[in-house]
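Take a look at the structure below.
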Ligand code: SF4
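In the numbering used here, the protein residues as written are 2 to 366.
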């Protein structure tokens with residue numbers, strides 16, 4: 002159902018739960034009355050930060066507050082340039098590998114990103130005597146446990162996911178070499194070579210297309226009727242909810258904008274979902290200047306969502322830009338309300354997180 006309404010600012014800071022659905026009761030940030038024939042924006046809810054991303058960013062922010070700069074972060078904490086640059090400005094230093102941390106900074110904390118890491122990474126950190134904070138999303142850790150359970154039960158593990166994605170590297174790195182095989186497509190599922198006669202179990206990356214993954218699982222079950230599923234769905238609630246909202250909002254849109262970075266898996270999936278659901282054109286944008294303004298016509302219907310790693314402040318920037326150019330009648334495409342909230346680790350719970358600490362991403366302070 003598309004609900005006519007107005008967009009509202011939704012600063013996302015504790016102690017509020019992680020709700021990304023604009024509430025009708027909130028004070029409107031945009032005019033309810035719009036001139037005739039103005040552009041219509043279909044604003045998806047939920048959109049933007051999920052509980053795992055919110056937690057990972059909070060871990061870096063709180064570590065900076067507690068221990069001071071620099072705080073090292075292994076890999077982009079979440080796949081979003083704006084987030085990374087905002088944290089760099091506060092004293093975070095991003096590295097790809099632990100050996101990039103200078104020996105004189107070995108006492109500084111290092112945070113592992115939300116995507117998860119192979120087992121070798123905490124082992125390496127311990128060998129180097131580094132103090133690490135693991136910001137792996139609890140739902141990624143759950144997939145690690147599902148994969149390890151398959152392996153414990155003597156099953157060869159099939160991981161459905163995208164080669165090279167850090168989450169896939171992290172999940173494969175939970176298991177001994179040779180006990181896990183990556184499956185990327187239905188074609189892989191139908192043809193990939195596996196150890197003969199081995200019992201099989203599968204898990205998936207958390208941020209895949211729900212429909213594509215169902216196709217891959219169907220193909221696996223056709224070929225291996227006894228393959229075991231994980232105890233619970235591996236694609237996470239945030240991925241499913243954002244895809245559902247886009248599916249609802251996309252039909253009939255002239256343009257569908259997804260705020261997110263090119264290396265963000267869940268954001269790229271939202272673009273694909275919008276195209277399949279009937280958007281005439283869908284694209285990823287990192288900032289308002291990425292919108293092809295010369296091609297956008299007044300009176301168009303424009304869908305707008307944001308990947309799980311994209312901050313609300315950019316959604317607001319785009320809404321403001323559309324309003325400034327065309328006027329804006331905003332409709333809400335709301336399919337779920339999210340209340341998930343993942344607490345940070347005990348080491349950081351004694352540090353207060355103020356709304357102002359997250360205002361560089363959430364706006365509103
Ligand atoms: S997209 Fe899902 S798995 Fe990834 S950080 Fe968010 S909640 Fe966790």
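Each residue gets a CB set at the ideal place from its N, CA and C atoms; glycine is no exception.
Member of the options whose CA lies at the smallest distance from the CA of residue i
i: residue 175; options: 300, 197, 141; result: 141
i: residue 173; options: 74, 120, 307, 322; result: 120
i: residue 179; options: 160, 192, 228; result: 160
i: residue 398; options: 364, 310, 317, 334; result: In this structure the chain extends from 2 to 366, so residue 398 is not present and cannot be described.
i: residue 98; options: 81, 164, 77, 84; result: 77
i: residue 137; options: 57, 255, 296; result: 57
i: residue 177; options: 111, 156, 234, 112; result: 156
i: residue 171; options: 150, 122, 129; result: 122
i: residue 49; options: 108, 357, 344, 242; result: 242
i: residue 344; options: 234, 145, 227, 139; result: 139
i: residue 368; options: 228, 147, 199, 45; result: Absent from the structure is residue 368, since the part of the chain shown begins at 2 and ends at 366.
i: residue 368; options: 268, 46, 240; result: Coverage of the chain is limited to positions 2 through 366, which leaves residue 368 absent and any answer about it impossible.
i: residue 229; options: 199, 130, 104, 307; result: 199
i: residue 215; options: 196, 184, 239; result: 184
i: residue 130; options: 104, 63, 83, 144; result: 104
i: residue 340; options: 357, 238, 325; result: 238
i: residue 290; options: 273, 304, 326; result: 326
i: residue 305; options: 328, 332, 296; result: 332
i: residue 39; options: 348, 362, 329; result: 329
i: residue 354; options: 42, 205, 62, 53; result: 62
i: residue 81; options: 342, 233, 95, 278; result: 95
i: residue 134; options: 144, 150, 149, 110; result: 110
i: residue 89; options: 231, 106, 71; result: 71
i: residue 335; options: 362, 269, 352, 244; result: 244
i: residue 227; options: 295, 158, 293; result: 158
i: residue 231; options: 208, 272, 201, 166; result: 201
i: residue 102; options: 51, 211, 126; result: 126
i: residue 351; options: 44, 60, 164; result: 60
i: residue 348; options: 79, 112, 41, 93; result: 112
Per DSSP, cross-strand counterpart(s) of residue i
i: residue 45; result: 334
i: residue 68; result: None, per the DSSP bridge assignment.
i: residue 132; result: 110
i: residue 201; result: 157
i: residue 304; result: 43, 257
Short CB-CB distance (under 9 Å) between residue i and chain C
i: residue 112; result: Note that chain C does not occur in the displayed structure, where there is just one protein chain.
Any non-hydrogen atom of ligand 2 within 8 Å of residue i CB
i: residue 157; result: Only ligand 1 can be found as ligands here, which leaves ligand 2 out of the picture.
**OP:** Mind listing which residues have their beta carbon within less than 6 Å of any non-hydrogen atom of ligand 1? Chain order is fine.
**Re:** 51, 52, 53, 54, 115, 138, 140, 141, 207, 208, 237, 239, 240, 267, 309
**OP:** Inspect the CB distances between the region 276–287 and the region 257–266 and report whether three or more fall short of 8 Å.
**Re:** yes
**OP:** At 4 residues or longer, and completely inside the region 134–199: list those alpha helix (DSSP H) runs for me, N to C.
**Re:** 139–153, 167–173, 187–192
**OP:** Taking only runs that begin and end inside the region 219–286, name each unbroken alpha helix (DSSP H) of 4 or more residues, in chain order.
**Re:** 238–250, 266–278
**OP:** Count the C-beta pairs between the region 275–282 and the region 321–330 that are closer than 8 Å, then say yes if the count reaches three, no if not.
**Re:** no
Original post:
How about the region 294–302 and the region 246–256: do they share at least three Cβ pairs that are nearer than 8 Å?
Top reply: yes
Original post:
Any chance the region 210–224 sits against the region 187–196, with 3 or more Cβ pairs inside 8 Å?
Top reply: yes
Subject >> Stretch pair the region 234–253 + the region 63–81: three plus CB contacts closer than 8 Å >> reply: no
Original post:
Hey, which unbroken runs of the beta strand (DSSP E) at 3 residues or more fall wholly within the region 70–101?
Top reply: 72–75, 93–96
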